[in-house]
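Quick notes on the structure that follows.
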Amino acid sequence: MAVMRTVTLIGKPGCHLCDDARAVVSEVCAELGARWEEKDITQDEELYRRYWEQIPVVLVDGAQHDFWRVDPRRLRAALES
């Protein structure tokens, strides 16, 4: 079921929490076969306005799942549900 899920990581360059989140998202998605993408708030005014105080932000199928720190168990559970 995770194959059809999409995880979006919203962050910005030079953000150490974004680097940590990227590692978790990449690992969990690879493990479960989910697709993931990354978006940069410095390249998208709407994303910047919406999320600049929360980055990194993780969306699962377009719905906000987490921000700041990504818990791999919680992300895995969301993708498996």
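All residue numbers for the sequence shown refer to UniProt numbering, where the first residue is 1 and numbers rise by one.
Beta carbons: idealized from backbone N, C-alpha and C, even for Gly.
Measuring alpha carbon to alpha carbon, tell me which of D66, W52, V25 ends up nearest T42. Measuring from the Cα of T42, the nearest candidate turns out to be W52.
Is the Cβ-Cβ distance between L32 and R22 less than 8 Å? Against a cut-off of 8 Å, the Cβ pair of R22 and L32 comes out as no contact.
Thinking just about the alpha-carbon of each residue, which of D61, Y48, R49 is nearest to the one in S81? It is D61 whose Cα lies nearest to the Cα of S81.
Where in the segment 9–39 do unbroken runs of the alpha helix (DSSP H), each at least 4 residues long, occur, reported from the N-terminal end onward? Complete alpha helix (DSSP H) runs here, min 4: 16–32.
Please identify the residue among V7, H16, A63 whose C-alpha is closest to the C-alpha of S26. Between S26 and the set V7, H16, A63, the nearest pair of CA atoms involves V7.
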